[in-house]
Amino acid sequence: MATGIIGTGSFLPPTIIDNNELAKLVKTDDDWIREHTGIVERHIATDETTSYMATEAARAAIENSGVDVREIDLILLATLSPERATPSMSCIVQDKIGALNATCFDLNAACSGFVYALQTADAYITAGMAKTVLVIGSETLSKLVDWKDRSTCILFADGAGAVVVTQQERGILSSVTHSDGSKGMSLKCKDRSTRNFLNRKQEDIHYIQMIGPDIFKFAVRKVPACIELLLQRANVNKEDVAYYVLHQANARIVVSVSKKLGVPLEKFPMNIDHCGNTSSASIPILLDEMNRNAMLKQGDKIVLCGFGGGLTWGAQLIEW
Ligand code: UT7
Numbered sequence: 010m011a012t013g014i015i016g017t018g019s020f021l022p023p024t025i026i027d028n029n030e031l032a033k034l035v036k037t038d039d040d041w042i043r044e045h046t047g048i049v050e051r052h053i054a055t056d057e058t059t060s061y062m063a064t065e066a067a068r069a070a071i072e073n074s075g076v077d078v079r080e081i082d083l084i085l086l087a088t089l090s091p092e093r094a095t096p097s098m099s100c101i102v103q104d105k106i107g108a109l110n111a112t113c114f115d116l117n118a119a120c121s122g123f124v125y126a127l128q129t130a131d132a133y134i135t136a137g138m139a140k141t142v143l144v145i146g147s148e149t150l151s152k153l154v155d156w157k158d159r160s161t162c163i164l165f166a167d168g169a170g171a172v173v174v175t176q177q178e179r180g181i182l183s184s185v186t187h188s189d190g191s192k193g194m195s196l197k198c199k200d201r202s203t204r205n206f207l208n209r210k211q212e213d214i215h216y217i218q219m220i221g222p223d224i225f226k227f228a229v230r231k232v233p234a235c236i237e238l239l240l241q242r243a244n245v246n247k248e249d250v251a252y253y254v255l256h257q258a259n260a261r262i263v264v265s266v267s268k269k270l271g272v273p274l275e276k277f278p279m280n281i282d283h284c285g286n287t288s289s290a291s292i293p294i295l296l297d298e299m300n301r302n303a304m305l306k307q308g309d310k311i312v313l314c315g316f317g318g319g320l321t322w323g324a325q326l327i328e329w
């Protein structure tokens with residue numbers, strides 16, 4: 010038996026901002042953004058919050074799975090952009106959906122958050138500590154971005170994705186996660202004041218700051234190695250994987266990973282053109298799109314791989 014995904018769901022805020030609209034805010038243009046990132050447009054939250062979008066994605070995943078909400082005994086929510094420190098986003102979702110029997114907590118592994126949360130769900134299920142787990146990635150990065158900084162505001166976007174997992178005949182075959190805090194400051198964001206009245210000095214910068222090229226190089230080096238290790242642990246060949254579902258950070262990263270692995274780009278589905286980079290939400294949003302478009306067949310082997318702030322990276326191999 011294995012931890013298998015039995016339902017998927019997602020939510021994207023209805024407001025869409027295309028590259029031409031961003032060119033009115035910062036010195037950039039549609040060609041540059043398309044060529045350097047693959048993004049054409051993205052969904053941006055107005056009044057929608059991280060917990061609201063998570064709730065909508067969760068409702069869709071639960072409906073898709075067919076489970077009774079009272080069966081859910083664990084809710085894990087990955088985010089780096091919660092709208093409050095407490096109550097946690099997962100506790101808010103629990104209340105909204107009526108999952109009375111769930112234990113709830115949030116976790117932050119930035120853009121790797123979803124694969125970390127799925128690994129945690131697998132560990133709980135394998136240990137017999139949970140039976141039915143709701144795993145969510147939800148982000149309102151637009152509220153952490155400096156809309157005067159063209160190196161970040163063109164990239165990040167908002168949305169949420171969710172899955173329901175339980176013990177099944179097919180599911181997670183192997184799982185790998187890594188962290189390297191020594192390089193963490195190349196992608197950073199202070200989320201609220203960390204000073205008290207004794208050491209208040211100057212206004213901190215609370216926006217996302219990123220040394221983009223450093224993160225790019227980190228991703229194209231670590232992701233192929235991580236996937237190779239994942240497949241080796243499960244004794245599965247690269248050719249036998251139906252889809253490589255990578256975090257949608259930048260289309261050029263996906264292209265580079267496909268070349269380095271020697272796997273055709275057709276096996277790397279992408280939705281970054283219309284979703285942008287939604288950090289922990291990008292993998293479950295893409296997975297939900299694939300599921301609803303009937304791309305996933307029983308027995309397909311699928312790799313999920315996240316990477317980003319922390320620095321963190323990780324992957325799962327799943328038999329669908
Ligand atoms: O989500 C997980 C973590 N994040 C990532 O994985 C993101 C990884 N990094 C990236 O995706 C890319 O580094 C970016 C998309 C952020 C930037 O693309 P790049 O090709 O690495 O550009 P760059 O930072 O090397 O800048 C190249 C040039 C610079 O001009 P000069 O110095 O060559 O004259 C920048 O000032 O492009 C300029 N530039 C822009 N020009 C027009 C930077 N941003 C823009 C912009 N529009 N939006």
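Numbering (this note's numbering), first residue to last: 10 to 329.
Just so you know, even glycine gets a beta-carbon here, dropped at the ideal spot from N, CA and C.
Looking at residue i: is its Cβ nearer than 8 angstroms to the Cβ of residue j?
| i | j | result |
| --- | --- | --- |
| L85 | V144 | yes |
| V174 | G13 | yes |
| R159 | K36 | yes |
| L326 | L240 | yes |
| G315 | V124 | yes |
| A130 | A87 | no |
| I71 | G16 | yes |
| V263 | M279 | yes |
| T287 | L150 | yes |
| G285 | I134 | no |
| L320 | D189 | yes |
| G146 | G170 | yes |
| W322 | C235 | yes |
| I217 | C198 | yes |
| E148 | T59 | yes |
| A258 | A228 | yes |
| T141 | V245 | no |
| S289 | C113 | no |
| D309 | A251 | yes |
With DSSP collapsed to three states, give me the class of residue i.
| i | result |
| --- | --- |
| T37 | coil |
| D167 | strand |
| V142 | strand |
| Y216 | coil |
| S90 | coil |
| A118 | coil |
| L320 | coil |
| F333 | As shown, the chain starts at 10 and ends at 329. That puts residue 333 outside it, with no answer to give. |
| E298 | helix |
| D27 | strand |
| N286 | strand |
| V76 | coil |
| Q177 | strand |
| Q325 | strand |
| T129 | helix |
| T95 | coil |
| K199 | coil |
| V272 | coil |
| T161 | helix |
| V11 | Sequence inspection shows Ala at residue 11; the Val mentioned does not correspond to that position. In the structure shown, A11 sits in a strand (DSSP, three-state: E or B). |
| I311 | strand |
| H45 | helix |
| I81 | coil |
| L182 | strand |
| R204 | coil |
| E248 | helix |
| F277 | coil |
Can you tell me the Cβ-Cβ gap for residue i and residue j, rounded? I've got them flagged as a contact below 8 angstroms.
| i | j | result |
| --- | --- | --- |
| R79 | I106 | Not quite, the Cβ-Cβ distance comes to about 10 angstroms (not below 8 angstroms), so this is no contact. |
| C162 | L21 | Not confirmed; about 18 angstroms, so no contact. |
| V332 | A303 | Shown here, the chain extends from 10 to 329; a query on residue 332 therefore has no answer. |
| L89 | G122 | 7 angstroms |
| A139 | L83 | 4 angstroms |
| I224 | S195 | 6 angstroms |
| F277 | L305 | Actually they are not in contact, since the Cβ atoms of F277 and L305 sit about 15 angstroms apart, beyond 8 angstroms. |
Where does residue i land, buried or exposed, given buried means 16+ other C-beta within 10 angstroms?
| i | result |
| --- | --- |
| L109 | exposed |
| N73 | buried |
| D115 | buried |
| E44 | exposed |
| I214 | exposed |
| M330 | In the structure as shown, the chain begins at 10 and stops at 329. Residue 330 is therefore absent and cannot be evaluated. |
| K268 | exposed |
| L207 | exposed |
| S191 | exposed |
| G180 | buried |
| M299 | buried |
| L34 | exposed |
| N28 | buried |
| Q103 | buried |
| E248 | exposed |
Do residue i and the ligand FAD come close, with the Cβ less than 7 angstroms from some heavy atom?
| i | result |
| --- | --- |
| I42 | In the structure shown, the ligand FAD is absent; the only ligands present are the ligand UT7. |
Does any CB atom of chain C fall closer than 8 angstroms to the CB of residue i?
| i | result |
| --- | --- |
| E30 | The structure shown has no chain C; it contains just one protein chain. |
(Q) Check whether the region 91-99 and the region 290-303 touch, using three or more Cβ-Cβ pairs below 8 angstroms as the test. (A) no
Q: Decide if the region 164-179 is in contact with the region 48-62; the criterion is three or more beta carbon pairs, one per stretch, under 8 angstroms apart.
A: yes
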